[in-house]
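Peer 1:
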Amino acid sequence: MKVLCSEVGHDYGHYLYPYVLWGYLEPGETPADALASGFMPGTPEMDRWYMVRQIRVGLEGWAPSSENRRVLRRTEGWRCELVEKGAFGDTAERRAGWLEYAAGKWGVGIMTPERLDRLMGGPVVSHLFHCTEGGTGEEVGSALVYCEPPRAAFYYYAFYRRTPETKHYGMGMMARAVAQFAAAGYEHLYLGTCYSERALYKAQFEPLEFWNGCRWSGNGRELRHLVRQGLPEGRHRLETAEFRDFQPGPLAELARESCVRIDPAIRPRPTRPGRGPAP
Numbered sequence: 055m056k057v058l059c060s061e062v063g064h065d066y067g068h069y070l071y072p073y074v075l076w077g078y079l080e081p082g083e084t085p086a087d088a089l090a091s092g093f094m095p096g097t098p099e100m101d102r103w104y105m106v107r108q109i110r111v112g113l114e115g116w117a118p119s120s121e122n123r124r125v126l127r128r129t130e131g132w133r134c135e136l137v138e139k140g141a142f143g144d145t146a147e148r149r150a151g152w153l154e155y156a157a158g159k160w161g162v163g164i165m166t167p168e169r170l171d172r173l174m175g176g177p178v179v180s181h182l183f184h185c186t187e188g189g190t191g192e193e194v195g196s197a198l199v200y201c202e203p204p205r206a207a208f209y210y211y212a213f214y215r216r217t218p219e220t221k222h223y224g225m226g227m228m229a230r231a232v233a234q235f236a237a238a239g240y241e242h243l244y245l246g247t248c249y250s251e252r253a254l255y256k257a258q259f260e261p262l263e264f265w266n267g268c269r270w271s272g273n274g275r276e277l278r279h280l281v282r283q284g285l286p287e288g289r290h291r292l293e294t295a296e297f298r299d300f301q302p303g304p305l306a307e308l309a310r311e312s313c314v315r316i317d318p319a320i321r322p323r324p325t326r327p328g329r330g331p332a333p
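The working numbering numbers the first residue of the sequence shown as 55 and each following residue consecutively.
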C-alpha cells in the first residue's frame, strides 16, 4: 500500500500535530491486504482506506464461548445464508425498512438513500448475509458483507427489525455470521470499529484481536482500557504509560514490527502553484 497523511485538528499548546493515515492499494494487492494491515474501507469503491481501531475474529481458532453458545441456541431456528449481491432480492420495500432501521439506530440523515445506493453499488458489498425465521420464512435481517475467501470477510452494516422483542437480533446475526464463516474456512472476519462502550459487544468472540495502531492485540483488558479511559487531553497515545504497559516491548521494538515504513529512496517532489510537480 501507499499511504497519504491527512491532517486533522492540531493543538499547539501540547505539540500535537496529527495526521490520519489514508491507504491506497498498489497493483497486486487486494482488500484483504489492507484489512490485515489495520485499514478499513474509506469509500464504497474501496479506492481509499483509513487506519482505525477495529476488531477481527481469528476464525481458525474460534470456538464458541458460553455467551456465544447462549446466543446461538436462542437463534437456532434461524436460516442464515450468504447471498451474492447480484442474486439478492433488493426491493424498494426492503430498502425502506433498512433506512427506517438506520434512522432509529444511528440517527436521521446518517444513512441516506443516496448513501445506501452508493454502498450497494460499490465493491465494498459483494454479498449479503441474510437471515429468516426457519419455520415461517419471516425476515430477520440482512448484513452488508465483503468476501475475499479464504482470507477475509468484512461484516459491514446490519439491518433488522427493531422492537423490544428483537433486541437480540443484532448479536444473533453477528454470532451466526462468525459460525458460518468459520465453517466455510475463512481466516478472519472483520467486525468494524470499536471506540465506544456500546461497540464492546463485538469483543465477545475468542480469539479476540483488535488493531491498536501498532499491531493486532489479543488483550481484551487493553481494548476495554482504550474504550473506557479515552485519550488524555494533550497527550499522544504512545506517550501514556498505561498504553505502553500493554505492549510486548519498547516503542522501538513496535516500530520494527510496524506495517508502515518510509522509504528514503522515494522522495516526494515539491509542487509549484498551478504548475504541478517541480522538475
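Cβ coordinates follow ideal geometry from the N, Cα and C atoms, glycine included.
Owing to the predicted nature of the structure, the values given are computational and were not obtained by experimental measurement.
Who are the near neighbours of LEU136 in its chain, counting only those whose CB is closer than 6 Å to its CB and skipping five residues on each side?
Peer 2: Here the set comprises HIS181, PHE183.
Peer 1: Within 10 Å of its beta-carbon, does LEU292 have 16 or more other beta-carbons around it, so buried, or fewer, so exposed?
Peer 2: By the 10 Å Cβ count, LEU292 comes out exposed.
Peer 1: Considering only residues of the same chain and omitting the five flanking positions on each side of VAL178, which have a CB-CB separation below 6 Å?
Peer 2: Contacts found: PRO95, PRO98, MET100, TYR200.
Peer 1: Taking the beta carbon of LYS256 as the centre, do at least 16 other beta carbons fall within 10 Å, making it buried, or is it exposed?
Peer 2: When all chains shown are included, LYS256 counts as buried.
Peer 1: Got a sec, what are the start and stop residues for the beta strand (DSSP E) TYR209 sits in?
Peer 2: Start and end: 206 to 214.
Peer 1: So what does DSSP say about GLN108, is it helix, strand or coil?
Peer 2: Note: GLN108 maps to strand in three-state DSSP.
Peer 1: Among ALA253, ARG252, GLN258, LEU277, which one has its Cα closest to the Cα of PHE264?
Peer 2: Selected option, being the one with the closest Cα: LEU277.
Peer 1: Within the region 111 to 180, note down every full alpha helix (DSSP H) run reaching 4 residues or more, in order along the chain.
Peer 2: Segments of the alpha helix (DSSP H) lying fully in the region 111 to 180: 120 to 128, 146 to 160, 167 to 175.
Peer 1: Please classify ARG321: does DSSP put it in a helix, a strand, or coil?
Peer 2: Reduced to three states, the DSSP call for ARG321 is coil.
Peer 1: Could you say if the region 212 to 224 and the region 68 to 86 meet the contact criterion of at least three C-beta pairs nearer than 8 Å?
Peer 2: No, the region 212 to 224 does not touch the region 68 to 86.
Peer 1: Cα-Cα, which of GLN108, GLU138, LEU173 is closest to GLU202?
Peer 2: Closest by alpha carbon: GLU138.
Peer 1: On the CB-based measure, 16 or more other CB atoms within 10 Å of its CB, does SER119 come out buried or exposed?
Peer 2: With fewer than 16 other Cβ atoms within 10 Å, it is exposed.
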